[in-house]
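Numbering (UniProt numbering), first residue to last: 1 to 178.
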């Protein structure tokens, strides 16, 4: 797998064997949908896996990305990918449960990526925690990648779904403040 565009274009990304990485087509679509929000954005990749989506956003001009995953093995690969892209000055990595990560954040995020293990049921809990902790910057977006058959609510915790797209079996929903 490689970064699609930007400063790290064509850089190879290592993948943990036990994850389902965001496909090139879906990454490209997500970046196109959130493009106006990317320049200098503070990004949170809450369920980072390999870190490919956060690195794609950094490659396209995001200012900083906090990568989080609960797996030490995944976080080691995220760090390896950050090192390979020479993005250390724009990245912070943490290994913790998503709830603890959200409780530990000190600043608001412009763009929050939610791509947890499918069928884990974490989307609504994560969104509610984000809003409870007031972590979404004014004008910020939450991007939720999920199985299309898993329908996410139109409104949740003061957020409204502004876009919903389908890419094969994958759904991408984008939320903003209502």
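No residue lacks a Cβ here, since even glycine has one placed at the ideal position from N, Cα and C.
DSSP three-state assignment for residue i, whether helix, strand or coil
{"i": "residue 107", "result": "coil"}
{"i": "residue 12", "result": "strand"}
{"i": "residue 150", "result": "coil"}
{"i": "residue 17", "result": "coil"}
{"i": "residue 156", "result": "strand"}
{"i": "residue 65", "result": "strand"}
{"i": "residue 35", "result": "helix"}
{"i": "residue 131", "result": "helix"}
Length of the line joining the Cα atoms of residue i and residue j
{"i": "residue 178", "j": "residue 62", "result": "24 Å"}
{"i": "residue 101", "j": "residue 10", "result": "30 Å"}
{"i": "residue 97", "j": "residue 137", "result": "22 Å"}
{"i": "residue 81", "j": "residue 37", "result": "23 Å"}
{"i": "residue 48", "j": "residue 77", "result": "10 Å"}
{"i": "residue 43", "j": "residue 131", "result": "15 Å"}
{"i": "residue 108", "j": "residue 149", "result": "31 Å"}
{"i": "residue 163", "j": "residue 53", "result": "18 Å"}
{"i": "residue 103", "j": "residue 171", "result": "27 Å"}
{"i": "residue 72", "j": "residue 140", "result": "29 Å"}
{"i": "residue 45", "j": "residue 39", "result": "16 Å"}
Assigned exposure category for residue i - 16 Cβ within 10 Å defines buried
{"i": "residue 134", "result": "exposed"}
{"i": "residue 68", "result": "buried"}
{"i": "residue 155", "result": "exposed"}
{"i": "residue 60", "result": "buried"}
{"i": "residue 115", "result": "buried"}
{"i": "residue 50", "result": "buried"}
{"i": "residue 5", "result": "exposed"}
{"i": "residue 124", "result": "exposed"}
{"i": "residue 95", "result": "buried"}
Beta-bridge partners of residue i, as assigned by DSSP
{"i": "residue 143", "result": "113, 174"}
{"i": "residue 2", "result": "12"}
Quick one: complete beta strand (DSSP E) runs, 3+ long, within the segment 72–125? Whole beta strand (DSSP E) segments, 3+ residues: 91–95, 109–114.
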